[in-house]
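Take a look at the structure set out below.
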Amino acid sequence: MVPALALEDITVTFVSQDGGRYTAIKETTLQVAPGEFVSVVGPTGCGKSTLLNVAVGLLQPSAGRIRVFGEPLAGLNRKAGYLFQSEALMPWRTALDNVSAGLEFRGVERDAAAARALAWLQRVGLGGFGARYPHQLSGGMRKRVALAQTLILDPEIMLMDEPFSALDIQTRQLMENELLELWSANRKSVVFITHDLEEAISLSDRVVVLSAGPASRPIGGYEIDLPRPRDVAEIRLTPRFIELHTLIWGAMKNEVLKSYAQQRQQ
Amino acid sequence: MRSSGSNKAALRFWQVLLFIVLLAIWHVATSPTLLPPLYFDDPHKAAFFFGEPLKILARTWEWFSSGTIYPHLWVTLLETVLAFIIGTVLGLGMGLWLALSPFASALLDPYIKALNSMPRVILAPIFAVWFGLDIASKVALGVTLVFFIVFFNVYQGVREVSYTVLANARILGASDRQLLRHVYVPSAMSWVFASLHNSVGLAFVGAVVGEYLGSSRGVGYLILQAEGTFDINSVFAGILVLTAFALLLDWAVSLAERRLLVWQPRGGETEKI
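Protein sequence lines correspond, in order, to chains A and B. Those letters in the first sequence? Residues 125 to 390, by the numbering used here. Those letters in the second sequence? Residues 145 to 417, by the numbering used here.
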């Protein structure tokens, strides 16, 4: 089967204005099958966001290839939706207009776009908040608007960059469950970036562990064989979850320490 | 303890009282009969230099009741509005262009700095020569004042567009033109609106100064005429009308601002669900 998203031997080296070089990601290969939910975990500053920016086409890799359903990626990834870590809603548009923005950009007629946007707002539980501006919504509501804004375009691949990291733990678990529900209704490929291993395990089919930066690369992939549908709060208490958590955490810790030691020897 | 409502009423009371007291002092000090001349040798000289408040109010009333002021006010308003609109459109266009084109921005930078530092009121005589004594020369002066305020705000506004918002819009499928229309312009407009009070005020200044330096209509012209005949009461009446008018404009701007910037959080606003 052709992977939905294939990053092949990606290296990203940033050059600063004074000529300094920083290699964020080195020779990273990551494949995501259609309908697969993959989480990428790693310590802060390990280039997780960089990887996602490469996948969506915001950033050109220094070396390596990106294939989207077998096609080499040129420019922005039109098959991907992207959920940002920080605020990405247009503050001058109401929630409804933010959700319909993508449709409008694609030339959908205004009324039709608004009707579909309203349906999506209702799906994320914000049917009555369409007329509000982002600053009038709470952090969790803004995230839901952003989710609707991305999902309304029905992207084949969802790229999510620590989308819930700024939320409090209760809101976060609610959002995680909502995300799983939306995803299982219409299974698309997901790449979910997080530094939270528990979040990664409870959501994903597969967890990929990145080494610490600089020059991050994947140091292990783990199939998560927990049954679906899942409740993210409850699944954390099952023995299998704890087993997986112990396994991945051990590897993550070991590999990070190992790569750290290797770096010091060089 | 008093509630803030009665505090506000008390404040209003003191403000009005202060106004009346100042007016009374002015009246007593300039009246030829109420006080013996303190500084001037002639009791009429104080009134000659400083005007008399009652006569000023009478003159203002006369202007409005006879309707002679309206054509002049209309001309000044027209000049202000035209200067504001043209200056804003030009500033918006130039600001967007330069902010999005690094080469043009680098090329024109010294010229813009020079033009902005120049005391532009001095252009009024040149504009009078170029555009004549009709409203065009006043509008031109107002435009040069408004343009730079709007220009610098737009330039700043475009530069300060959040990277995330921009990237998100691009990923959502916005073309370059759509980015301009849906991201850059709204972001820049919020900065333009933030400077709305300044730019409307300066458009007004441009109109009045232009009229004062040479014209055949307008409130500035009225003041110039009165000054030519040493009619100090009419000069003050003109100033009074201009001040009231400026306050009115400012109030209109506040109203417009409240409608147009509804998406921006205001200080102290805590409406969150």
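We put the beta carbon where it would ideally sit given N, CA and C, even for glycine.
From the DSSP output, read off the bridge partner residues of residue i.
{"i": "A/S340", "result": "A/I149"}
{"i": "A/A187", "result": "A/T135"}
{"i": "A/F316", "result": "A/S163, A/M284"}
{"i": "A/G345", "result": "A/V332"}
{"i": "A/P127", "result": "Paired residue(s): none; A/P127 is not in a bridge."}
{"i": "A/A204", "result": "A/I281"}
{"i": "B/V283", "result": "Partner(s): none; B/V283 has no beta bridge."}
{"i": "A/E228", "result": "Paired residue(s): none; A/E228 is not in a bridge."}
{"i": "A/L154", "result": "A/L131"}
Run through chain A and tell me which residues come within less than 7 angstroms of residue i, C-beta to C-beta.
{"i": "B/Q322", "result": "F229"}
{"i": "B/V294", "result": "Residues of chain A passing the Cβ test: none, with the nearest at roughly 18 angstroms."}
{"i": "B/P409", "result": "H259"}
Run down chain B in chain order and give the residues with a C-beta less than 7 angstroms from the C-beta of residue i.
{"i": "A/A212", "result": "T308, V309, N312"}
{"i": "A/P363", "result": "Near A/P363 there are no residues of chain B at all, since even the closest Cβ is about 40 angstroms away, more than 7 angstroms."}
{"i": "A/Q184", "result": "The contacting residues do not exist; A/Q184 stays about 14 angstroms from chain B at best."}
{"i": "A/A324", "result": "In chain order: nothing, as chain B lies at least about 23 angstroms away."}
Quick check: the Cα distance between residue i and residue j, rounded to an integer number of angstroms?
{"i": "B/A318", "j": "A/N177", "result": "17 angstroms"}
{"i": "B/A396", "j": "B/V363", "result": "20 angstroms"}
{"i": "A/Q209", "j": "A/P287", "result": "5 angstroms"}
{"i": "B/N377", "j": "B/L366", "result": "12 angstroms"}
{"i": "B/I417", "j": "A/G374", "result": "Because the pLDDT at B/I417 is just 43, under 50, the model does not fix this residue reliably, and the point stays unresolved."}
{"i": "B/Y255", "j": "B/S331", "result": "25 angstroms"}
{"i": "B/E415", "j": "A/H259", "result": "Only weak support exists for where B/E415 lies, its pLDDT of 47 falling under 50; the value from the coordinates is given anyway. Going by the C-alpha atoms only, they are around 9 angstroms apart."}
{"i": "A/L291", "j": "A/A187", "result": "35 angstroms"}
{"i": "A/R388", "j": "A/T274", "result": "42 angstroms"}
{"i": "A/Q297", "j": "A/G171", "result": "25 angstroms"}
{"i": "B/A168", "j": "B/R402", "result": "37 angstroms"}
{"i": "A/L361", "j": "A/R354", "result": "12 angstroms"}
{"i": "A/L303", "j": "A/N310", "result": "11 angstroms"}
{"i": "B/L386", "j": "B/H216", "result": "11 angstroms"}
{"i": "B/G237", "j": "B/F291", "result": "10 angstroms"}
{"i": "B/A272", "j": "B/A248", "result": "31 angstroms"}
{"i": "B/K199", "j": "B/A390", "result": "22 angstroms"}
{"i": "B/L357", "j": "B/Y299", "result": "32 angstroms"}
{"i": "A/P158", "j": "B/N342", "result": "56 angstroms"}
I want to verify the contact list: residues of chain B whose CB lies under 8 angstroms from the CB of residue i, in sequence order.
{"i": "A/H319", "result": "Those do not exist, as A/H319 stays about 19 angstroms from chain B at its closest Cβ, beyond 8 angstroms."}
{"i": "A/L277", "result": "L316, G317"}
{"i": "A/L303", "result": "The premise fails here: A/L303 is roughly 18 angstroms from chain B at the closest Cβ pair, so nothing lies under 8 angstroms."}
{"i": "A/F208", "result": "T308, A311, N312"}
{"i": "A/G400", "result": "Look at the range of chain A in this structure, 125 to 390, and you will see that residue 400 of chain A is not part of it."}
{"i": "A/L200", "result": "R314, I315"}
What do you reckon, are the CB atoms on residue i and residue j nearer than 7 angstroms?
{"i": "B/A190", "j": "B/F184", "result": "yes"}
{"i": "A/A219", "j": "A/L227", "result": "no"}
{"i": "A/A212", "j": "B/N312", "result": "yes"}
{"i": "B/T204", "j": "B/A351", "result": "no"}
{"i": "B/A370", "j": "B/V379", "result": "yes"}
{"i": "A/Y346", "j": "A/I372", "result": "yes"}
{"i": "B/G239", "j": "B/F295", "result": "yes"}
{"i": "B/L277", "j": "B/S360", "result": "yes"}
{"i": "A/I343", "j": "A/V333", "result": "yes"}
{"i": "B/T232", "j": "B/R264", "result": "no"}
{"i": "A/A225", "j": "A/I281", "result": "no"}
{"i": "A/E160", "j": "A/D329", "result": "yes"}
{"i": "A/N222", "j": "A/V269", "result": "yes"}
Taking buried to mean at least 16 other C-beta atoms within 10 Å of its own C-beta, is residue i buried or exposed?
{"i": "B/A243", "result": "buried"}
{"i": "A/Y257", "result": "buried"}
{"i": "A/M265", "result": "buried"}
{"i": "A/P196", "result": "exposed"}
{"i": "A/E233", "result": "exposed"}
{"i": "B/M145", "result": "Note on B/M145: pLDDT 46, under 50, position unreliable in the model; the coordinate value appears next. Counting Cβ neighbours within 10 Å, B/M145 comes out exposed, since fewer than 16 surround it."}
{"i": "A/L261", "result": "buried"}
{"i": "B/W274", "result": "exposed"}
{"i": "A/G231", "result": "exposed"}
{"i": "B/M262", "result": "exposed"}
{"i": "B/N151", "result": "exposed"}
{"i": "B/F374", "result": "exposed"}
{"i": "A/D285", "result": "buried"}
{"i": "A/M125", "result": "exposed"}
{"i": "A/P185", "result": "buried"}
{"i": "B/Y307", "result": "exposed"}
{"i": "B/A347", "result": "buried"}
{"i": "B/Y214", "result": "exposed"}
{"i": "A/R217", "result": "buried"}
The ligand PLP and residue i: does the residue's C-beta get closer than 6 angstroms to at least one heavy atom of that ligand?
{"i": "B/T177", "result": "Because no ligand of any kind appears in the structure shown, any question about the ligand PLP cannot be addressed here."}
What does residue i reach in chain B if we use C-beta pairs closer than 9 angstroms?
{"i": "A/W180", "result": "Checking the displayed sequence, the identity of residue 180 of chain A turns out to be Val instead of Trp. The contacting residues are A311, I315."}
Which residues in chain A sit within 8 angstroms of residue i, going by Cβ to Cβ distance?
{"i": "B/V448", "result": "In the structure as shown, chain B starts at 145 and stops at 417, and residue 448 of chain B therefore has no counterpart that could be examined."}
{"i": "B/S334", "result": "W216"}
Applying a beta-carbon distance threshold of less than 9 angstroms, which residues of chain A neighbour residue i?
{"i": "B/P263", "result": "Chain A residues near B/P263: none, gap ~36 angstroms exceeds 9 angstroms."}
{"i": "B/P330", "result": "M214, P215, W216, R217"}
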